[in-house]
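K.L.:
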Amino acid sequence: MTPGNELLFLALGGSGEIGMNVNLYGTQGKWLMVDCGITFGDANYPGIDVLLPDLQFIEEQLDNLVGIVLTHGHEDHIGALPYLAADLGVPLYASPFTAGLIYGKLEEEGITDQVELNVIKEEGSFSVGPFTLTMNRLAHSIPEGNAILIETPYGSVFHTGDWKLDESPALGGASTAAELTAIGDKGVLALVCDSTNVFNPEPSGSEIDVRKGLDEVVAGIKGRVLVTTFASNAARLQTLGEVAQDCGRKVCVAGRSLDRILKVARATGYLREFPETIDFDTAMTLPPSDVMIIATGGQGEARAALNRIAEDTHALKLHAGDTVIFSSRQIPGNEIAIGRIMNTLAHKGVEIITDRQAFVHVSGHPGRPELAEMYRWIRPQVLVPVHGELRHLHEQARFGKEQGIPTTVTQTNGEIWKLAPGKPKQVGNAPVGRLVLDGDVILPADGTTINERRRIALYGQISVAVAIQGGRLKGAPQIRVQGVPVEEDRDAFLEEAAQAAADAVKKDGRDIEKLRESVRLAVRRAAVRFTGKKPVVDVLIVEL
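Here the sequence shown is numbered in my numbering, starting from 78 and rising by one per residue.
1. Keeping to the same chain, check which residues put their C-beta closer than 8 Å to that of Ile625; ignore five residues upstream and five downstream.
2. Going by C-alpha to C-alpha distance, which of Ala579, Trp494 and Glu447 sits closest to Met78?
3. Starting from Thr362, trace the alpha helix (DSSP H) both ways and give me its first and last residue.
4. Measure the CB-CB distance between Tyr102 and Val234 and report whether it falls below 9 Å.
5. Quick test of the definition: if touching needs 3 or more C-beta pairs under 8 Å, does the segment 560-567 touch the segment 586-599?
6. What is the rounded straight-line gap between the Cα of Gly444 and the Cα of Pro278?
7. So what does Thr354 bridge to, in DSSP terms?
8. What residues in its chain sit with their C-beta under 6 Å from that of Arg301, if we drop five residues either side in the sequence?
9. Could you tell me which uninterrupted alpha helix (DSSP H) segments, each at least 4 residues in length, are contained entirely in the segment 258-330, listed from first to last along the chain?
10. Just verifying my parser: in three-state terms, what is the DSSP assignment at Lys610?
11. For the alpha helix (DSSP H) that Ile527 lies in, which residues bound it at each end?
12. Who pairs with Asn223 in a beta bridge, going by DSSP?
13. List in chain order: all unbroken beta strand (DSSP E) runs of 3+ residues lying wholly within the segment 229-256.
14. Helix, strand or coil for Thr696, going by three-state DSSP, please let me know.
15. Taking 6 Å as the limit between beta carbons, can you name the residues of its chain near Leu268, skipping five residues before and five after?
16. Among Ala176, Gly377, Asp292 and Lys340, which has the Cα closest to the Cα of Asp119?
17. Could you tell me which whole alpha helix (DSSP H) segments of length 4 or greater appear in the segment 412-458?
18. Hey, Phe132 and Thr116: beta-carbon distance below 9 Å or not?
19. For the beta strand (DSSP E) that Glu492 lies in, which residues bound it at each end?
20. Nearest by alpha-carbon distance to Ile415: which of Leu393, Gly374 and His391 is it?
21. From the DSSP output, read off the bridge partner residues of Tyr160.
22. If contacts are defined as beta-carbon pairs under 8 Å, then Gln503 and Asp615 qualify, I think. What distance do you get, rounded to the angstrom?
23. Given Ala574, which residues of its chain have a CB within under 6 Å of its CB, disregarding the five upstream and five downstream residues?
24. Which full runs of the beta strand (DSSP E) of 3+ residues lie inside the segment 117-186, going along the chain?
25. Can you look up Pro365 in the DSSP assignment and give me helix, strand or coil?
26. Measure the CB-CB distance between Val320 and Thr354 and report whether it falls below 9 Å.
27. Under the three-state reduction of DSSP, which class applies to Ala575: helix, strand or coil?
28. Provide the residue span of the beta strand (DSSP E) that contains Leu621, from first to last.
29. If Ala542 and Pro554 are in contact, beta carbons under 8 Å, what's the gap, nearest whole angstrom?
30. Pull up the distance between the alpha-carbon of Val596 and that of Ile618, whole angstroms please.
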């Protein structure tokens with residue numbers, strides 16, 4: 078669909094899910110993309126760490142895509158760029174800190190010369206095709222969170238990105254109530270708004286209060302302290318640096334993503350007063366009460382620093398009497414992985430503190446009082462909830478109506494909505510889906526490779542090799558089993574499976590294709606008799 082004399086909105090990610098945010102605005106024949114993020118793999122995607130949005134809809138009309146503007150530097154908003162931006166072939170627009178993070182990602186992929194990256198100063202305005210864009214600072218858990226005011230011939234959209242209200246942000250500034258009210262005074266057609274914490278009846282809280290809470294906790298600990306948080310939460314890194322100094326502890330940083338954030342932050346004017354860090358060896362030789370470790374891995378990531386420390390495969394070690402503070406929110410779906418690490422730490426005698434035991438975290442997303450304030454300042458004609466599961470989107474739509482917004486649009490990924498002129502309505506559907514990054518290859522998330530891997534993970538796999546000559550079996554069939562639960566009866570199963578394959582050869586030995594299927598079914602039936610499972614059976618026929 079090519080946009081005409083109208084204003085269209087389409088989410089290709091992030092609406093109906095938390096993560097992988099991709100939003101499109103269309104008018105006068107052109108599309109503008111806001112954010113291009115990833116989400117992370119789970120048990121449904123064996124061997125996969127990163128999921129990407131399927132951008133088929135816009136890839137089929139790249140001549141109409143005028144650019145990608147990025148609200149801030151979190152992975153669920155910029156993480157897909159290293160893999161997709163070169164193929165999209167349009168300019169990127171980001172504030173200095175966000176641009177620094179993006180450049181590092183492009184550099185790692187060796188594509189900096191293939192992608193045009195434009196640095197937009199904070200509160201800067203610029204035009205892309207029929208869109209005039211203005212960055213508006215909002216507080217978040219990363220420097221330079223920006224709402225984007227998108228002006229079109231059919232009305233203005235205030236796209237919040239991720240945000241919260243914080244009168245004392247640890248890093249950077251934020252637009253004032255007066256500045257946001259002034260935007261509302263000019264007239265805003267649509268508020269496209271973060272829904273993550275819509276069920277929270279309280280404000281998200283200030284980073285300055287987290288410092289007080291962490292100061293109290295760390296001051297009472299005698300052993301070594303490890304604090305895990307999101308690497309991209311530069312505001313929390315600032316807080317942790319201050320807490321370490323308050324409590325007389327040296328700082329040790331563990332995790333490549335933390336090193337990268339510190340580097341980019343310092344290069345763009347942030348974290349200049351973050352304390353000098355010590356290396357791993359020094360951290361382990363100092364008295365435990367003199368050290369604070371800041372580490373990645375609070376979401377249970379297997380290859381992150383915290384998991385490796387817990388498993389004793391890292392240069393940094395924790396012992397009984399040490400403490401791990403989880404200064405972050407559990408992302409839904411990560412509970413099992415986080416619990417596994419917590420149990421490993423508990424087995425060592427390490428104390429664990431989360432936001433349930435102490436005030437060690439505040440969210441970067443708005444609770445209901447903050448949403449109500451934003452509605453009052455911006456006063457949109459239409460509210461479009463994004464960045465949330467379906468229950469979040471419906472709840473924000475309901476809450477917005479309750480707060481007096483005339484019209485709400487509850488949309489999900491793939492629904493094309495006309496916002497103007499006239500009353501908003503759905504006018505089409507776009508294909509949506511997920512891609513996986515498997516090693517260096519991008520594949521469909523529900524394609525042949527991943528579906529095969531799921532089946533093997535669920536049922537196991539059996540390989541059968543049969544040699545025939547003149548339609549008769551030569552030698553014994555060879556059977557190899559992987560992941561099929563026949564441990565105690567392995568020899569008996571292999572004998573029965575080989576006999577089943579031999580019997581199939583006697584029956585269908587002269588028709589190779591028929592024989593291959595007969596052997597496969599015969600061996601699988603043997604597996605079902607032994608295990609109750611239907612494993613994947615691969616058959617090799619060798620003609621002599």
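Heads up, the beta-carbon is just placed ideally off N, CA and C, and yes, glycines get one too.
P.N.:
According to the structure data:
1. Shown here, the chain extends from 78 to 621; a query on residue 625 therefore has no answer.
2. Within the sequence shown, numbered from 1, the residue matching residue 78 stands at position 1. Of Ala579, Trp494 and Glu447, the residue nearest in Cα terms is Trp494.
3. Residue mapping note: residue 362 aligns to position 285 of the sequence shown, counting from 1. Taken as a continuous stretch (DSSP letters only), the alpha helix (DSSP H) holding Thr362 covers Phe357 to Thr362.
4. The sequence position of residue 102 within the sequence shown is 25, counting from 1. The sequence position of residue 234 within the sequence shown is 157, counting from 1. In contact: Tyr102 and Val234 (Cβ atoms closer than 9 Å).
5. no
6. Against the sequence shown, residue 444 aligns to sequence position 367. Against the sequence shown, residue 278 aligns to sequence position 201. Spanning the two alpha carbons is a distance of roughly 6 Å.
7. On the sequence shown, residue 354 is found 277 positions in, with the first residue counted as 1. Per DSSP, Val328.
8. Working through the sequence shown from its first residue, we reach residue 301 at position 224. If we look at Arg301 and ignore the five residues flanking it on each side, its Cβ neighbours are Pro365, Val368 and Asp399.
9. 284-296 and 311-323
10. Taking the sequence shown and counting its residues from 1, the one referred to as residue 610 is at position 533. If DSSP states are grouped into helix, strand and coil, Lys610 belongs with coil.
11. Within the sequence shown, residue 527 is the residue found at index 450, counting from 1. Unbroken alpha helix (DSSP H) run through Ile527: Thr525 to Tyr536.
12. Along the sequence shown, read from residue 1 onward, the residue named residue 223 stands at position 146. Its beta-bridge partners are Arg214.
13. 232-236
14. With the chain covering only 78 through 621, there is no way to say anything about residue 696.
15. One-based indexing of the sequence shown puts residue 268 at position 191. Excluding residues within five positions, the ones whose Cβ falls inside 6 Å are Phe235, Ile455, Pro457 and Leu460.
16. Taking the sequence shown and counting its residues from 1, the one referred to as residue 119 is at position 42. Among Ala176, Gly377, Asp292 and Lys340, the Cα nearest to that of Asp119 belongs to Gly377.
17. 412-424 and 445-455
18. Start at 1 with the first residue of the sequence shown, and residue 132 comes out as number 55. Start at 1 with the first residue of the sequence shown, and residue 116 comes out as number 39. According to the sequence as given, residue 132 is Leu; it is not Phe. Contact flag unset, no.
19. Mapped onto the sequence shown, residue 492 falls at position 415. Counting along the chain, the beta strand (DSSP E) containing Glu492 begins and ends at Glu492 to Ala497.
20. Within the sequence shown, the letter at position 338 stands for residue 415. The option with the nearest alpha carbon to Ile415 is Gly374.
21. Reading the sequence shown from its first residue, position 83 is the one you call residue 160. In the DSSP output, where bridge partners are listed per residue, Tyr160 has none listed.
22. Within the sequence shown, numbered from 1, the residue matching residue 503 stands at position 426. Within the sequence shown, numbered from 1, the residue matching residue 615 stands at position 538. Not confirmed; about 46 Å, so no contact.
23. The sequence position of residue 574 within the sequence shown is 497, counting from 1. Same-chain partners within the cutoff: Ile556, Val600 and Ala603.
24. 127-130, 142-146 and 169-171
25. What you label residue 365 is simply residue 288 of the sequence shown in a count that begins at 1. In this structure, Pro365 counts as helix in the three-state DSSP scheme.
26. Locating residue 320 in the sequence shown gives position 243, counting from the first residue. Locating residue 354 in the sequence shown gives position 277, counting from the first residue. No, these two residues do not count as a Cβ contact at 9 Å.
27. One-based indexing of the sequence shown puts residue 575 at position 498. Ala575: helix per DSSP, three-state reduction.
28. Within the sequence shown, residue 621 is the residue found at index 544, counting from 1. Taken as a continuous stretch (DSSP letters only), Leu621 belongs to no beta strand (DSSP E), as it is neither H nor E.
29. As a working note, residue 542 is residue 465 in the sequence shown. As a working note, residue 554 is residue 477 in the sequence shown. Right, the Cβ-Cβ distance comes to about 7 Å (below 8 Å), so this counts as a contact.
30. Looking up residue 596 in the sequence shown gives position 519. Looking up residue 618 in the sequence shown gives position 541. Roughly 10 Å between the two C-alpha positions.
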